[in-house]
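Engineer:
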Amino acid sequence: MIVNYNFSIAVQDDFAFEINGQGKFRLAKGKIFLSGEHGEAGDFHSSKEESITTVFGASRRFEFTGRRGDLALRLTIDSYEHLNDSVVMQWSFENIGSTPIQLNSISAPALELDSNWANDLWSMQGAAIHWGHDFAFKMPPELERENYLGHIQNGEGGGIPIVYFWNQAGGLSLAHIEPTQELWYMPVSAQNGKIKVAFEDRREQTLNAGDVFQTPRVLLSVHQGDFFEPLKLYREVMALQGLKAPEPNHEDFAPAWCSWGYEFDVRPSEVTGVLPKLRELGIHWLTLDDRWFDRYGDWNPREDTFPNGVNELKQMNDNIHAAGGLSQIWWYPLCVEDGVGGWDEQVYGISHILQDHSDWLVHNADGSIARNNRGLAMLCSGLPEVREYTAALTRKFINEWGFDGHKLDNIYGMSACYNPAHQHESPEESVRGFAEVYRQIFEISRQLKPEAVTQICPCGTTLTHTLIPATDQTVTADPTSSAQIRQRIKFYKGLMGPRAAVFADHVELSDGGVDFASCFGTGGVLATKFVHPLDDSLKTRLKEYWALTEDQEILWKKWFDISAQHSLADGEYLNLYDMAFDFPETHTIRKDDSIYYAFFVQNTDEIFTGKIQLRGLDDTKKYQIQNYVDDRILGEVIGNNTFIQVDMKGALLLKATPMEGMKHGS
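Position in the sequence shown (from 1) plus 6 gives the number in my numbering.
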């Protein structure tokens with residue numbers, strides 16, 4: 007039995023194992039499975055224990071060895087005292103015979119959750135499977151999810167390699183912790199009362215005599231509460247390997263306006279035309295969004311949008327800067343048009359960069375062209391010349407054109423490259439180079455402008471983990487509801503850090519298009535995409551008309567003033583409530599000595615009357631409780647975990663301020 011605080015794992019003679027949580031109740035049983043004739047690993051031979059030091063620090067290592075025919079097996083389990091309630095596991099296989107061994111797939115590990123525990127479960131699954139999915143959800147009775155961690159042809163893919171299950175008794179997390187993107191699966195199935203999860207390589211492996219195959223390292227851990235804690239542990243483990251979120255600058259937390267309200271055919275006069283209203287609202291960031299350019303990959307201004315070309319685009323930026331504003335540019339690195347397909351009403355032509363460098367394209371294993379979610383051909387990030395081309399574009403946008411940051415959109419992952427012209431040592435060179443491209447964009451931008459903001463938006467899905475060091479502003483990425491906004495903000499506060507900048511995306515995407523509370527109360531960066539001045543003629547041009555009416559302007563002004571006054575986006579997120587099992591749903595932010603609470607019911611028009619608990623306060627202090635949105639004092643409380651009676655509709659945002667040292671009237 008290997009024990010790390012509340013976590014224990016017992017390895018059996020056939021290499022199967024049992025995982026136990028707090029109170030020694032069983033959470034799951036696990037095994038390693040090799041497809042084909044080898045099946046489940048067996049023939050356990052010996053074990054040993056030793057003290058080691060790895061990149062994660064000092065550890066106790068438990069090693070188990072065995073044999074199945076000519077296949078020698080080795081399992082290591084590392085237990086780190088400073089990584090509470092977890093172990094790191096890794097398997098290796100060696101062909102000790104004289105003839106090749108074929109492995110069609112490997113599951114390392116394959117887990118089945120214990121039926122006595124696995125009831126009323128929620129799950130967080132970090133793979134980017136398709137646009138619009140919930141990152142966390144209540145487990146249905148029947149489920150099949152492949153959770154592929156690589157690029158999906160003409161789709162999304164990638165994501166955070168974690169699967170977590172939890173209920174009120176506790177939770178179990180499985181993650182791979184390699185700093186590189188691994189083209190494995192993390193399938194989850196629920197059927198006939200059994201819930202299974204695995205970490206699988208479905209590619210064929212041939213082990214010649216003497217060859218050794220080593221699996222990626224996996225982290226198994228137990229937790230209390232929702233997904234914040236396993237993400238926090240994952241963040242700490244990855245940071246020890248250099249995969250660490252950048253320190254945010256103050257501009258990362260500034261509210262923003264985006265030209266997407268004008269959709270694909272935005273004009274420079276419409277961008278600059280909104281400046282007076284933005285100044286009134288206290289917004290100084292503007293984003294030039296999608297389709298300002300001629301062709302993907304070339305990234306020159308569209309002639310019908312910018313008749314005077316680059317000079318007109320530069321003039322737009324000069325006007326923004328003269329008004330005290332800053333600008334971001336939308337673009338989609340590593341893709342080109344090759345005359346196939348189109349997007350929205352645009353029919354793809356052939357990019358000039360492709361005409362000059364037709365050998366830069368990524369090929370799939372079958373020789374076809376690798377394509378991203380917009381059907382565009384993909385440039386191979388494994389090629390140094392492609393990386394340099396992208397770096398040169400970055401310098402042009404920031405240094406020559408005058409932009410102050412980036413909105414990098416539809417960013418998921420990269421396909422393995424089998425283009426014979428590239429002479430890769432491994433097809434996965436392109437996958438490894440993908441993260442390097444985005445790291446370059448971030449670092450070059452910060453070097454040129456220290457206050458630059460680099461936003462990476464994996465539209466509708468989760469960020470790929472190798473991009474963590476390449477973005478200082480994660481984004482909720484096209485949320486379909488207010489609930490998704492809140493869930494995704496908490497997700498990224500766990501993944502990137504409790505003070506990380508998380509762009510709440512446009513408030514117009516929230517329930518009713520006006521739910522500022524979900525965007526702001528959770529610690530998100532406010533954003534909007536309204537159209538102004540009002541112009542009814544735009545209704546025929548735009549699919550959605552987000553005009554800022556007089557009534558809306560009053561509401562917008564109120565919330566952007568609140569944001570300026572309280573600035574929760576750069577506060578410290580405190581994980582004090584479980585999103586699945588605490589009601590009302592509650593989020594907490596610490597700013598200086600005060601704690602901000604945001605309580606939510608399911609619908610914005612739903613009424614809640616009852617008691618709410620204020621967690622995280624100092625037991626020795628008295629606090630004044632203020633509804634700071636409506637500027638009302640609700641009363642005083644003493645100590646932690648106290649309850650107050652409230653009436654709320656949709657949401658209630660409160661501030662708890664220590665009474666000692668308070669100024670009169672505050």
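Note that the Cβ used here is the ideal one computed from N, Cα and C, for glycine as well.
Select from Pro222, Thr221, Gln220, Lys238 the residue whose C-alpha is nearest the C-alpha of valine 228.
Structural biologist: Nearest option by C-alpha distance: Lys238.
Engineer: With distances taken from CA atoms, which of Gly303, Tyr354, Asp542, Phe589 is nearest tryptophan 336?
Structural biologist: Nearest option by C-alpha distance: Gly303.
Engineer: Measuring CB to CB, does threonine 482 end up less than 8 Å from arginine 494?
Structural biologist: In contact: threonine 482 and arginine 494 (Cβ atoms closer than 8 Å).
Engineer: Considering only DSSP beta bridges, list what glutamine 619 is partnered with.
Structural biologist: Phe649, per the DSSP bridge assignment.
Engineer: At a cut of 8 Å, does the region 180-189 reach the region 242-253 through at least three beta carbon pairs?
Structural biologist: Because the criterion of three Cβ pairs below 8 Å is met, the region 180-189 and the region 242-253 touch.
Engineer: Inspect the CB distances between the region 407-414 and the region 354-362 and report whether three or more fall short of 8 Å.
Structural biologist: Verdict: no, contact absent.
Engineer: Among Gly373, Ile8, Ser179, Leu117, which one has its Cα closest to the Cα of tyrosine 424?
Structural biologist: The option with the nearest alpha carbon to tyrosine 424 is Gly373.
Engineer: Using only the alpha-carbon positions, how far apart do alanine 604 and phenylalanine 589 sit?
Structural biologist: Distance between the alpha carbons of alanine 604 and phenylalanine 589: 12 Å.
Engineer: Could you check the C-alpha separation between glycine 132 and threonine 470 for me, to the nearest Å?
Structural biologist: Straight-line Cα distance between these residues: approximately 9 Å.
Engineer: Mapping the DSSP letters down to three states, classify phenylalanine 13 as helix, strand or coil.
Structural biologist: Residue state, collapsed to three classes: strand.
Engineer: Could you tell me the boundaries of the alpha helix (DSSP H) in which isoleucine 112 lies?
Structural biologist: From DSSP, isoleucine 112 is part of no alpha helix (DSSP H) but of the beta strand (DSSP E) over 112-119.
Engineer: Pick from Leu399, Gly439, Phe403, Val368: whose alpha carbon is nearest that of alanine 427?
Structural biologist: Here the closest residue by C-alpha is Val368.
Engineer: With the cut-off set at 8 Å, would you say proline 115 and valine 224 are in Cβ contact?
Structural biologist: Taking 8 Å as the Cβ cut-off, proline 115 and valine 224 qualify as a contacting pair.
Engineer: Below 8 Å between beta carbons: does that hold for alanine 533 and proline 261?
Structural biologist: Yes, these two residues count as a Cβ contact at 8 Å.
Engineer: Cβ atoms of alanine 458 and threonine 480: under 8 Å apart, would you say?
Structural biologist: No.
Engineer: By the DSSP assignment, the alpha helix (DSSP H) with aspartate 557 in it spans what residues?
Structural biologist: Unbroken alpha helix (DSSP H) run through aspartate 557: 556-572.
Engineer: In terms of residue numbering, what span does the beta strand (DSSP E) encompassing tyrosine 418 cover?
Structural biologist: Tyrosine 418 -> no beta strand (DSSP E), and no H or E assigned at all.
Engineer: Does leucine 360 come out as helix, strand or coil in the three-state DSSP assignment?
Structural biologist: In this structure, leucine 360 counts as helix in the three-state DSSP scheme.
Engineer: Relative to the C-alpha of asparagine 26, which residue among Asp19, Ala34, Arg401 is closest?
Structural biologist: Selected option, being the one with the closest Cα: Ala34.
Engineer: From the DSSP output, read off the bridge partner residues of glutamate 69.
Structural biologist: Note: glutamate 69 sits in a beta bridge opposite Lys54, Thr82.
Engineer: What is the DSSP secondary structure of tryptophan 349, counted as helix, strand or coil?
Structural biologist: Strand, per DSSP.
Engineer: Could you spell out where the alpha helix (DSSP H) holding arginine 602 opens and where it closes?
Structural biologist: The question names arginine, yet the displayed sequence has tyrosine at residue 602. That residue, tyrosine 602, is in no alpha helix (DSSP H); its beta strand (DSSP E) goes 600-606.
Engineer: Tell me whether serine 14 is buried or exposed, calling it buried when 16 or more other Cβ atoms sit within 10 Å of its Cβ.
Structural biologist: Buried: at least 16 other Cβ atoms inside 10 Å.
Engineer: Could you give the distance in angstroms between the alpha-carbon of arginine 308 and the alpha-carbon of asparagine 317?
Structural biologist: One C-alpha to the other measures close to 12 Å.
Engineer: Would tyrosine 268 pass as a contact of glutamate 257 if the rule is Cβ separation under 8 Å?
Structural biologist: It is not a contact, given that the beta carbons lie outside the stated cut-off.
Engineer: In terms of residues, what are the limits of the beta strand (DSSP E) holding serine 488?
Structural biologist: Here serine 488 belongs to no beta strand (DSSP E); instead the alpha helix (DSSP H) covers 488-502.
Engineer: Pull up the distance between the alpha-carbon of leucine 659 and that of asparagine 609, whole angstroms please.
Structural biologist: The alpha-carbon atoms of leucine 659 and asparagine 609 are separated by roughly 15 Å.
Engineer: Take isoleucine 613 as the anchor and find which of Ala575, Glu578, Gly656 has the nearest alpha-carbon.
Structural biologist: The shortest C-alpha separation from isoleucine 613 is found at Gly656.
Engineer: Which residues bound the beta strand (DSSP E) around glutamate 150?
Structural biologist: Note, glutamate 150: beta strand (DSSP E), 149-151.
Engineer: Is it the case that the Cβ atoms of aspartate 126 and asparagine 173 are separated by a distance below 8 Å?
Structural biologist: Yes, the Cβ-Cβ distance between aspartate 126 and asparagine 173 is below 8 Å.
Engineer: Taking methionine 644 as part of the beta strand (DSSP E), name the residues at either end of that continuous run.
Structural biologist: Reading the sequence as shown, one finds isoleucine at residue 644 and not methionine. Counting along the chain, the beta strand (DSSP E) containing isoleucine 644 begins and ends at 638-644.
Engineer: By how many angstroms is the C-alpha of glutamine 28 removed from the C-alpha of tyrosine 498?
Structural biologist: Tyrosine 498 and glutamine 28: Cα-Cα distance of roughly 27 Å.
Engineer: Check whether the Cβ atoms of aspartate 5 and arginine 547 sit closer than 8 Å, and answer yes or no.
Structural biologist: Look at the range of the chain in this structure, 7 to 672, and you will see that residue 5 is not part of it.
Engineer: Measuring CB to CB, does isoleucine 3 end up less than 8 Å from glutamate 162?
Structural biologist: Look at the range of the chain in this structure, 7 to 672, and you will see that residue 3 is not part of it.
Engineer: Is the separation between the beta-carbon of valine 218 and that of methionine 192 shorter than 8 Å?
Structural biologist: The answer is no: Cβ separation not under 8 Å.
Engineer: Considering arginine 596, what are the terminal residues of the beta strand (DSSP E) in which it resides?
Structural biologist: From DSSP, the beta strand (DSSP E) with arginine 596 extends over 591-597.
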